[in-house]
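Chains as they are written, first to last, in this note's numbering: chain H, 1 to 296; chain V, 1001 to 1130. For glycine and all other residues, C-beta sits at the position ideal for the given N, C-alpha and C. These notes concern the structure reproduced below.
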Amino acid sequence: MQSMRDIKQRINATQKTSQITKAMHMVSASKLKKAEKSIVSFRPLTKRLTASLARVLDSAQDVSHPMLDERPTNHTVYIIISSDRGLAGPYNANVFKRFEAYIEKHHTSHDEFSIAPLGYKALMFARRRNYKTLTDKVIQVRDDVQFIDFQSISDRFIKGFLSGEFDKVIVFHNKFINTLTQNVVHKTLLPIERQAVLDAHKEETKKNQYERIYHFEPNVSDVLHQLLPMVVVNRLYGMILESKASEHAARMTAMKSATDNANELIGDLQLQYNRARQDAITTELTDIIGGANAVN
Amino acid sequence: MRLNVIAPGGVIYDEDVDYITISSKNNGDFAIMHDHAPVISTIDVGYLKMVKDNNHIFTVIINAVLEQRENIINVIAQEAHVGLNKDSALEHLNEVRKERLEENRRRTMDFLKAERELKKSIKDAKASKR
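Okay, structure coming up:
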């Protein structure tokens, strides 16, 4: 059996750990609330932007743009959204696992795809696996993420897509369902499906045929050329916000169970400690009684 | 005529105006006055000049789509900043963006340094041997 001092030391250490995990749990809980708020405030913007796109596409049925056309896929870009820091339970591992399973199924060699990592963990994952990456720099996914933070990477894949370097862009990320559930999903970011956009805003575009006549400044193709990348980046931003909320939720749950485990461990150790103390007392008593008997 | 400017952070501007002038790098300048025909345009880098009762203020904008229908102008922007003067507003926006990038770089450096230190102290503490 361990000595009393050793047990006391372990109790203290575990208590300190549980304090930290409890604090992290609370921090994540408040960050989750903030992240949820930013998702809610971002939603109307996405909706209005895609509604605008639907109206443009509706008025310009015959205009084509490389971002709207499906083409044979030679090279795919996978955007993986992860966190910068660990201690978030299975948050990052789930994305990576799902991604690897997908790669296994759809690709035979590593030359067929590149990775655009968002977040430190995704970059490290790509390096560990020797995947080709679009950038060597760490793209941080901060809690208050802005467009400018990932602009370098979004510019890169949009330019690559337009020049024909890549034919498809797919995003892997955690979809926030509720605090306890986050599902890994993958969505095609590029090309944009024309019909899907139109279908999503059917009642909007079919309201009145005279309302649909728009004047484009300077012309339809220029407007589309500017609007489509914006829609793409906006969608990506929405996905990042969603994964950010998932990250905080995952961390919250992980830290909660860590705190619970620590408390359980402390209880067990306390029991051991009491037993050791009782042992020591009994030994001492036997000694004293033995000594007293010897004197008598 | 109603002008509504919305950015990821929320609504930037939602008020009545007499007319607006749009100036952008890609499309040049044009104005939208009362009862303009429905129009859709885009702004890469540029500004809106909002005029109401001889007062005017500027909104500097990066990447936006502008849509006007039935005297309601909707501007959906990725980044926008309101100022009294277009040059100072643009300067401010650029400065904020530059600072942000600089801060990101600094954070990455700090993070990598901290991670290295952590690895070293884990090794020094021989945590794996206990």
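With 16 or more other Cβ atoms from the protein chains shown falling within 10 Å of its own Cβ, residue 234 (chain H) counts as buried. At least one beta carbon of chain V lies nearer than 7 Å to the beta carbon of residue 223 (chain H).
The C-beta separation of residue 245 (chain H) from residue 150 (chain H) comes to about 17 Å, leaving the pair out of contact by the 8 Å criterion. A straight-line Cα-Cα distance of about 7 Å links residue 232 (chain H) and residue 189 (chain H). Within chain H, 41 have C-beta atoms less than 8 Å from the C-beta of residue 1010 (chain V), given in sequence order. DSSP places residue 119 (chain H) outside both helix and strand once states are collapsed to three, so it counts as coil. Chain V has no Cβ within less than 7 Å of the Cβ of residue 36 (chain H). Looking at the backbone, the Cα of residue 181 (chain H) and that of residue 1081 (chain V) are separated by about 37 Å. The beta carbon of residue 1053 (chain V) sits closer than 8 Å to the beta carbons of 1018 from its chain, once the five residues preceding and following it are set aside; these are given in chain order. Within chain V, the residues placing a beta-carbon under 9 Å from that of residue 147 (chain H) are 1008, 1062, 1063, 1078, 1079, ordered along the chain.
For residue 1097 (chain V), a Cβ of chain H is located within less than 7 Å of the residue's own Cβ. DSSP places residue 48 (chain H) outside any beta strand (DSSP E); the residue lies instead in the alpha helix (DSSP H), whose first and last residues are 4-59. If you compare the alpha carbons of H:230, H:134, H:241, H:110 with that of residue 49 (chain H), the shortest gap goes to H:230. Boundaries of the beta strand (DSSP E) harbouring residue 1002 (chain V): 1002-1007, taken from the DSSP string. Exclusion of the five residues before and after residue 7 (chain H) leaves 269, 272, 273, 276 as the residues of its chain whose Cβ lies within less than 7 Å of its Cβ. Residue 242 (chain H) is positioned such that its CB atom lies no closer than 7 Å to that of residue 91 (chain H). Apart from the 5 residues on each side of it in sequence, residue 60 (chain H) sits with its Cβ closer than 6 Å to the Cβ of 220 in its chain, given in chain order. For residue 215 (chain H), the C-beta contacts it makes with chain V under 8 Å involve 1037, 1038, 1039, 1040, in order along the chain. Distance from the CA atom of residue 40 (chain H) to the CA atom of residue 12 (chain H), rounded to whole angstroms, is 42 Å.
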